[in-house]
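Below: one structure, written as C-alpha cells.
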Amino acid sequence: MPPFQPHPDRRPVFVAGASSGIGEATARWLGKAGYPVALGARRVEKCKEIAEQIIADGGEAMAVALDVTDDDSVLEAVREVEKAWGPIEVAISGAGDLGVGRTHEISVDKWAEQINIHLIGAFRLYRAIVPGMIERRRGDFVFIGSDVAVHPRPWSSAYVAAKTGVDGLVATVQMELEGTGVRASIIRPGQTLTGMGMNLDQDDTTAMLEDWIAFGLARHGNFLEPDNLAQAIAAIVGMPPGAHMRVVEVEAEGKLKKSDKSQPEKK
127 MPPFQPHPDR
137 RPVFVAGASS
147 GIGEATARWL
157 GKAGYPVALG
167 ARRVEKCKEI
177 AEQIIADGGE
187 AMAVALDVTD
197 DDSVLEAVRE
207 VEKAWGPIEV
217 AISGAGDLGV
227 GRTHEISVDK
237 WAEQINIHLI
247 GAFRLYRAIV
257 PGMIERRRGD
267 FVFIGSDVAV
277 HPRPWSSAYV
287 AAKTGVDGLV
297 ATVQMELEGT
307 GVRASIIRPG
317 QTLTGMGMNL
327 DQDDTTAMLE
337 DWIAFGLARH
347 GNFLEPDNLA
357 QAIAAIVGMP
367 PGAHMRVVEV
377 EAEGKLKKSD
387 KSQPEKK
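So for the sequence shown, my numbering puts the first residue at 127; every next one is plus one.
Spelled out as C-alpha cells, the structure:
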C-alpha cells in the first residue's frame, strides 16, 4: 500500500466568504500561520483590505471576486488563484447569508436563495476544486456547516434545509473520497457573533428569539467569536495525512456558575 503523502511545504488556501465573520477570521488565522491565503467574496474590496493587512503582518494573501451562486464566477476565481499560486491545497467553503421568516410566509424565491448560496454554492466550489486534489492525491476541503442541522430552529427553515443538505453532501463525499488522499470535513458552529443576520428586521428578530426560547433553543446569551472557529479549522487542516477530523462541533459555553468555594465557610 502506498504511504500517504506529507503535506507540501507550501499549501495555498482558498477561503470562500472571506470578507467578514468566520471566513475573515480563518483567512487571518491561516495567514499568520504561514499559509498563502486567497480571500474570495462578492465584496472583493473588503477582501482586498483584509489581504493587505495580512501582507502587512508578514503573511501572503490575495483577493478575488467570488459569487458562489454563479458557475462562471466560481470557475474564474479558482483559475485566478491557481494561475497565481499553483494548485489549491486547502479550500474553506464559508460563503453565506441569513434570511429568516416563518415557512408559510416566506416567498419561494427568498427560500430558494438560501439553498443556492449555502448548499449549491458549496457544491459549486467543491466541484471546481476537488478533482484537481484527487489527481494530486492530497488536499483538504472544509465545509462550514451549522448546528441547526442537528438542532433546527423556527424561522430558519431555508437555512436549516441548506445546512442539513451540506451535512448530507459531506457524508456522501467522505465515502467517495475514501482512499484518494483527499479529506472533506465539516465544522458545525453554534451561535457565533458575526455580521450574518445583523440586517434583519427588529420585530422579526424579536419574534424569532421568542420562538427559540419557547423550544429551549436559546439556553444562554454567550456567543462564539469567529476566531474560535478559525482555530478549529486550522486544527482540521493541520492534521497529518492519514488522520481525518471528519466532523467538528464547536459551541459556546454557558456562563460560569459561582463556585461553592466562594461562599464563606460556616463554623
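Don't be surprised by glycine CBs; every beta carbon is placed ideally from N, CA and C.
By the Cβ-count criterion, residue 301 is exposed, with fewer than 16 other Cβ atoms from all chains shown falling within 10 Å of its own Cβ. Taking C-beta atoms under 8 Å as the contact rule, residue 180 and residue 191 fail to qualify, at a distance of about 18 Å. DSSP, reduced to helix, strand and coil, places residue 375 within a strand of the structure shown. Non-local beta-carbon contacts of residue 289 in its own chain, meaning distances under 7 Å to residues more than five positions away in sequence, involve 244, 271, 272, 274, 275 in chain order. The beta carbon of residue 363 sits closer than 6 Å to the beta carbons of 216, 266 from its chain, once the five residues preceding and following it are set aside; these are given in chain order. With a cutoff of 7 Å on beta-carbon distance, residue 268 and residue 359 are scored as near each other. By the neighbour-count definition (other C-beta atoms within 10 Å, threshold 16), residue 145 is a buried residue. DSSP places residue 309 inside the beta strand (DSSP E), whose first and last residues are 308 to 315. Separation of residue 383 and residue 228 (C-alpha to C-alpha, rounded to the nearest whole angstrom) is 35 Å. The three-state reading of DSSP puts residue 266 in strand, counting E and B together.
Secondary structure note for residue 177: its alpha helix (DSSP H) is the uninterrupted segment 170 to 182. Here DSSP, grouped into helix, strand and coil, assigns residue 130 to coil.
Residue 140 sits in a strand when the DSSP states are folded into three classes.
In terms of Cβ geometry, residue 356 and residue 151 form a close pair [threshold 7 Å].
Between residue 237 and residue 138 a beta carbon distance of about 36 Å is seen, past the 8 Å cut, so the two are scored as non-contacting. Where residue 199 is concerned, the enclosing alpha helix (DSSP H) starts and stops at 197 to 211. In this structure residue 225 is in contact with residue 240, their Cβ atoms being roughly 6 Å apart against a cut-off of 8 Å. The C-beta separation of residue 159 from residue 140 comes to about 15 Å, leaving the pair out of contact by the 8 Å criterion. The C-beta distance from residue 264 to residue 308 rounds to 7 Å, short enough to fall under 8 Å.
DSSP links residue 260 through a beta bridge to no other residue.
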